[in-house]
Structure formats: structure tokens, C-alpha cells
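Convert by adding 136 to the 1-based position in the sequence shown; the result is the number in our numbering. Working notes for the structure below.
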Amino acid sequence: MCQICFVTNETPTAEAAAERLRRRYGEVGLNAADYVVALGGDGLMLQTLHRVMQTDKPVYGMNFGSVGFMMNTFSEDDLPDRLMASQRTRIYPLAMDVIDIAGNARTALALNEVSLFRSTYQAAKLQILVDGEVRLDELICDGALLATPAGSTAYNLSAHGPILPIEAPLLALTPISPFRPRRWRGAILSNRAVVKFITREANKRPVSAVADNVEFQNVAEVTVREDRTHGVTLLFDPGTSLEERVLSEQFRF
């Protein structure tokens with residue numbers, strides 16, 4: 137029988153379900169596990185994927201959240217068979233390198249997106265470079281984001297960015313509430329692109345940078361690129377793969 141490590145979002149219903157699964161199938165620690173089963177929502181899935189990134193354990197989610205885009209339907213039956221029959225999707229994070237206005241350097245990884253947000257009532261002013269070339273000299277906005285294909289259906293979609301096929305070697309660069317240029321809707325870039333955001337008037341117009349759930353404040357420069365030295369594996373029941381979900385999302389009204 138496969139060795140399983142269970143994690144939950146710590147809600148009473150998820151904890152109770154996990155306890156029943158532990159009694160039925162047993163449990164081992166993360167390092168000894170063949171599979172990690174996450175009971176919660178998409179937020180828990182992201183946290184779990186970051187947690188297992190160094191161990192390369194595949195993660196199978198069961199939905200105890202609200203949307204559950206990255207989760208499977210909950211069932212207590214035949215869990216080992218479901219795990220072994222599941223379809224695998226490999227995704228890679230973005231590496232975010234930040235320099236703040238004091239000159240401090242910070243780094244973080246993002247599986248969904250790297251976002252920049254204004255921190256006060258004043259709009260942010262961002263210069264955007266792609267592979268060292270200035271592509272947008274000044275974007276006045278609430279912020280901007282760079283999304284992976286896996287993250288293109290999350291905040292990127294809410295900001296009216298494009299949905300990217302999960303296997304596409306692409307990234308979505310999307311403005312958040314652009315004021316000038318008002319009609320700029322973003323760009324689709326190669327996953328080999330290196331994108332740099334430079335904040336203008338950084339002291340007067342402070343900006344925060346966020347990689348999934350890691351935030352750095354008062355940033356001066358943010359450089360983002362795909363990091364193929366890390367990766368995570370998501371598991372889905374047959375016929376409900378992440379590729380299929382992303383495709384279906386493009387035909388949803």
C-alpha cells in the first residue's frame with residue numbers, strides 16, 4: 137500500500153475527514169510519504185506545494201474549500217487506487233528577486249503569480265523591462281502581475297488577463313487597474329523572458345511585491361523569471377486534469 141501524508145486547512149470538517157482517512161489508510165511523515173493528500177481549498181494547496189517543493193512529493197487535493205480549482209472531489213473510498221490512477225501535472229514557479237528602497241535584497245518563489253501593488257492612496261508608477269529592454273516606460277496603475285499558466289486562471293483572470301494553456305511555454309503580464317496608458321491590457325511573454333519592474337517615486341508612491349503569499353514592502357526593483365530548478369507535481373482524477381480545467385475555464389460564462 138502506498139504511504140500517505142495528510143494535511144488539512146484545520147477546519148473541523150477537514151480535520152474530521154482526515155482523521156477517518158488516517159484510521160483507514162494509515163499515515164506517515166512527509167519525508168517517508170509517497171503521496172501528500174491535502175484536504176482544504178486552493179489556498180491550502182498552494183501552501184502545501186510550497187512546502188513539498190524541496191522534497192518533490194506529488195500532491196493530491198480533496199476539496200474542503202470554496203472554489204477548489206486545484207482540488208479533487210472528496211471521497212473516503214479507494215484512496216490508494218485513486219492516487220495511483222491519477223493524472224500528473226508538473227508546474228514550475230517564478231523566482232522573484234526584490235531590492236527595496238533601503239538596498240536590501242529579498243527572494244521568493246511563486247507558483248501562481250508575482251504581483252506588485254500600490255501601498256497608499258496614490259497610484260503606482262512602474263517602468264517595465266523585458267530581457268533588459270524598456271517595453272513600457274511608465275505604467276500608472278494600482279499594480280501589475282506576472283502569472284504562470286497555472287496561475288493564469290486565478291488573480292490574473294480576475295484582472296482581465298489571458299488564460300494560458302497549462303503546458304504553454306508562456307507567461308501573462310497583466311496590469312491591475314491601469315490609469316495610463318488606459319488601453320494597455322498587458323502582454324503574453326515567453327517563459328524564458330526576464331521581466332523587471334522599476335518603481336518610480338518609490339518613497340512618495342510605495343509599492344509592495346508579493347510572490348503567492350510572501351510580501352515585501354517598499355520595493356525599488358523587482359526581477360521575475362521562471363525557475364526550472366524547482367517544480368511541483370499535482371495529481372488529478374482521470375478526466376479532470378488541470379489541463380482540462382484550464383481549457384474549460386475559457387468557455388465559462
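Even for Gly, the Cβ is constructed at its ideal location relative to N, Cα and C.
Three-state class that DSSP yields for residue i in the structure shown
{"i": "V188", "result": "helix"}
{"i": "A280", "result": "strand"}
{"i": "R226", "result": "strand"}
{"i": "P78", "result": "The shown model of the chain, from 137 to 389, leaves out residue 78, and the question about it has no answer."}
{"i": "R218", "result": "helix"}
{"i": "L293", "result": "helix"}
{"i": "F210", "result": "coil"}
{"i": "V330", "result": "coil"}
{"i": "I302", "result": "coil"}
{"i": "E362", "result": "strand"}
Rounded distance between the beta-carbons of residue j and residue i, thought under 8 Å
{"i": "S222", "j": "D373", "result": "6 Å"}
{"i": "M207", "j": "M198", "result": "6 Å"}
{"i": "D267", "j": "A174", "result": "With 8 Å as the limit, D267 and A174 do not qualify as a contact, their Cβ atoms being about 36 Å apart."}
Bridge-paired residues (DSSP) for residue i
{"i": "S251", "result": "L281, V346"}
{"i": "V382", "result": "For V382, which the question treats as bridged, DSSP gives no partner whatsoever."}
{"i": "V262", "result": "Checking the sequence, you will find Leu at residue 262 rather than Val. In the DSSP output, where bridge partners are listed per residue, L262 has L275, T335."}
{"i": "A323", "result": "L309"}
{"i": "E357", "result": "I235, I334"}
{"i": "A244", "result": "M232"}
{"i": "T369", "result": "R226"}
Under 8 Å between C-beta atoms of residue i and residue j
{"i": "V343", "j": "L252", "result": "yes"}
{"i": "R348", "j": "L166", "result": "A small correction: the amino acid at residue 348 is Asp; Arg does not occupy that position in the sequence shown. Taking 8 Å as the Cβ cut-off, D348 and L166 do not qualify as a contacting pair."}
{"i": "L245", "j": "A231", "result": "yes"}
{"i": "L262", "j": "F333", "result": "yes"}
For the segment 148-208, which segments carrying the beta strand (DSSP E) assignment without a break, of at least 3 residues, lie completely within its bounds, in sequence order? 171-176, 195-199
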